[in-house]
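According to full-length UniProt numbering, the residues represented by the sequence shown are 1 to 483, in order.
Virtual Cβ for every residue (Gly too), placed ideally from N, Cα, C.
Predicted, not measured: the structure shown is a model, and the values here were computed from it.
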Amino acid sequence: MEYISTRGGTRAVDFEGALFSGYAPDGGLFMPQNIPSLDRDTLWRWSRLCYRGLVKELCSLFIPADLVPRNTLSDLIDRAFSRFRHKDVVHLSRLKDGLNVLELWHGVTFAFKDLSLSCTGQFLQYFLEKKQKHVTILVGTSGDTGSSAIESVRGQKNMDIFVLLPKGLCTQIQELQMTTVIEDNVHVFAAHGNSDEIDEPIKELFADDDFARKYNLMSLNSVNWSRIMVQIAHFFYAYFQCAPSLDTTPLPVVEIVVPTGGGGNITAGCIAQKMGLPIRVVAVVNSNDIIHRTVQHGDFSVAESVKATLASAMDIQEPYNVERILWLLSGSDSSLIKTLMARFSASKRLKLPEDLHRKLSETLRSCSASDEDIVGAMRRCWEENQYLLCPHSAVAAHYHYSQPDSIPRCCLAPASAAKFQDAVLQAGLVPQIPPEITALTTMETRSTPLEREQDWAQVLRGRIGAVAQRWEAEGGSQFAPLG
């Protein structure tokens with residue numbers, strides 16, 4: 001299994017190469033050169049597996065055994081999920097009116113990103129220990145990615161993580177989950193800008209080949225293939241839990257509704273479809289609706305400004321994983337994707353070619369929800385079930401409640417309502433706060449402010465260089481290139 005860039009300008013790499021990369025050197029994103037196709041017998045066998053077992057099976061398709069032996073891979077995944085609060089790792093709540101909610105938030109930070117990042121952290125540690133190397137992890141976060149990434153690598157001596165968060169645009173709990181981690185290898189920056197603006201200095205540093213190579217830069221955003229790979233399991237598990245039967249021909253279709261920001265989860269869903277899973281993927285967004293406009297009208301264009309919404313982790317204007325989806329649907333046409341992305345990069349506007357838009361609209365459905373819609377879905381779910389939804393999960397529930405049909409459907413729930421107390425209060429409901437969340441407000445915090453007038457990329461270069469000097473002073477050779 002080899003991985004190639006969506007833009008075609010980079011040599012193929014193995015899983016380890018993709019794991020330790022951010023963007024590909026040509027600016028594209030790594031994808032498997034071939035997507036495995038599963039037959040009906042395999043689907044039937046997998047239907048008997050738990051979530052953990054599905055992750056192991058899927059990862060074994062994309063990580064060759066000569067790179068990570070099967071027993072070792074199994075152990076790494078078991079270790080990744082050892083800190084999850086639920087015995088099944090994830091949990092399906094079957095609620096009234098056919099509302100099925102797949103809770104993906106039983107990890108340390110109460111967010112779905114714990115699932116993929118805990119595994120990715122274990123994969124990184126495995127390779128770094130073998131090679132006795134050091135990496136610099138650079139992450140921009142709109143809410144949950146930062147804390148999940150920090151938890152996946154905190155305290156590791158061969159990894160330093162630099163996280164940029166948009167000051168005041170995350171919830172207090174999301175911010176505290178990052179700033180209360182006081183570890184030598186954790187460096188948090190509170191930037192006075194939005195989610196898209198904090199991505200710019202990160203892209204600049206990755207685009208500097210000499211700098212990226214010198215300090216072994218890598219990303220744990222959903223730019224990283226490893227995260228997409230693990231997230232494919234969400235769709236198989238949701239399908240097997242919600243399909244009425246696997247004894248019919250053809251197999252029944254299950255609709256899976258995905259709250260969408262950067263597009264990593266819907267990319268995983270599109271890959272699951274391509275592997276042969278009979279699902280219909282619905283991308284649901286808030287008022288920052290670029291993905292909805294792209295699906296409906298082929299209009300992949302940035303709006304004038306990011307709108308602050310109750311579903312703050314989805315307040316994103318440039319969902320970079322759409323590039324992966326377009327590459328898949330174009331038949332892996334890297335030349336076309338390179339041209340389209342160059343056009344988008346230059347003007348922040350792109351009209352999809354008619355044939356590509358048709359394929360996209362056949363592959364995905366979409367819906368956007370206002371804050372009023374989000375509050376309405378939260379209230380209805382509570383009134384009918386005494387069940388609290390986070391505002392992102394409520395975007396998915398809004399879609400479900402708006403549909404006249406009663407086909408099997410599963411809504412992915414990316415975070416616990418406990419992380420979004422303000423939204424719960426705005427819905428006129430009472431937050432339910434676990435002790436792990438309450439404890440954050442009394443803990444010491446540490447972060448570095450990034451003011452608008454500063455050159456953020458230059459600040460990061462300086463801090464990363466200082467960390468490297470510290471390692472060299474301690475006699476480490478860990479900053480030798482990984483290759």
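First and last residue of the uninterrupted alpha helix (DSSP H) at I228: W225 to C242
Spatially closest choice to K130 from S37, I35, Q33 and E16, by CA coordinates: E16
Cross-strand partners of R365 (DSSP beta bridge): V282
Stretch-stretch touch, CB-based, cutoff 8 Å, three pairs: the region 130–140 with the region 214–227: yes
Every unbroken beta strand (DSSP E) within the region 133–169, with a cutoff of 3 residues, ordered by chain: 135–140 and 159–166
Per-residue DSSP class, three states only, for R40: helix
Reference G262, options G155, R52 and P414, closest by Cα: P414
C-beta contact flag for A313 and V375 at 8 Å: no
Supposed close pair K338, R11 - CB separation, criterion 8 Å: With 8 Å as the limit, K338 and R11 do not qualify as a contact, their Cβ atoms being about 15 Å apart.
Own chain, CB closer than 7 Å to L336, minus 5 neighbours either side, in chain order: S330
Paired residues, beta bridge with L217 - DSSP: T136
Validate contact between the region 191–201 and the region 74–86 using beta carbons, cut 8 Å, 3 pairs: no
Backbone CA spacing between D289 and G53 [nearest angstrom]: 35 Å
Inter-residue spacing [alpha-carbon to alpha-carbon] between G462 and A207: 17 Å
Beta-carbon spacing of V101, I150 below 8 Å: no
Cα-Cα separation between V253 and A468, rounded to whole angstroms: 52 Å
Contact check, G264 vs R227, beta carbons under 8 Å: yes
Sequence-distant residues of the same chain with beta carbon closer than 8 Å to P244, five excluded per side: P252 and P408
At least three beta-carbon pairs within less than 8 Å, the region 281–288 to the region 431–438: no
Range of the contiguous beta strand (DSSP E) that encloses Y387: Y387 -> no beta strand (DSSP E), and no H or E assigned at all.
Selected residue, minimal CA-CA separation from R45, among D247, S147 and E183: D247
Helix, strand or coil at N194 [DSSP, three-state]: coil
Alpha-carbon to alpha-carbon, E383 and K359: 39 Å
Start-end ranges of the alpha helix (DSSP H) lying completely within the region 88–131, minimum 4 residues: 113–131
Entirely enclosed alpha helix (DSSP H) segments - the region 374–452, minimum 4 residues: 391–402, 421–426 and 435–438
Three-way DSSP call (helix, strand, coil) for E304 in this model: coil
N-terminal and C-terminal residue of the beta strand (DSSP E) that F30 is part of: F30 to P32
Any 3 or more C-beta pairs closer than 8 Å across the region 381–395 and the region 414–424: yes
Bridge partners - K351, DSSP secondary structure assignment: D299
6 Å Cβ shell around I291 - same chain, five flanking residues per side excluded: T260, A283, V285 and P319
Bridge partner(s) assigned by DSSP for S5: F30
Distance between I256 and D405 (C-alpha atoms, nearest Å): 14 Å
F162 to V188 span [Cα, whole Å]: 6 Å
Beta-carbon separation (whole angstroms), E444 vs I202, contact threshold 8 Å: About 27 Å separates the two Cβ atoms, so there is no contact after all.
Classification of T294 by the beta-carbon crowding that lies within 10 angstroms, buried from 16 upward: buried
Backbone CA spacing between M31 and L73 [nearest angstrom]: 20 Å
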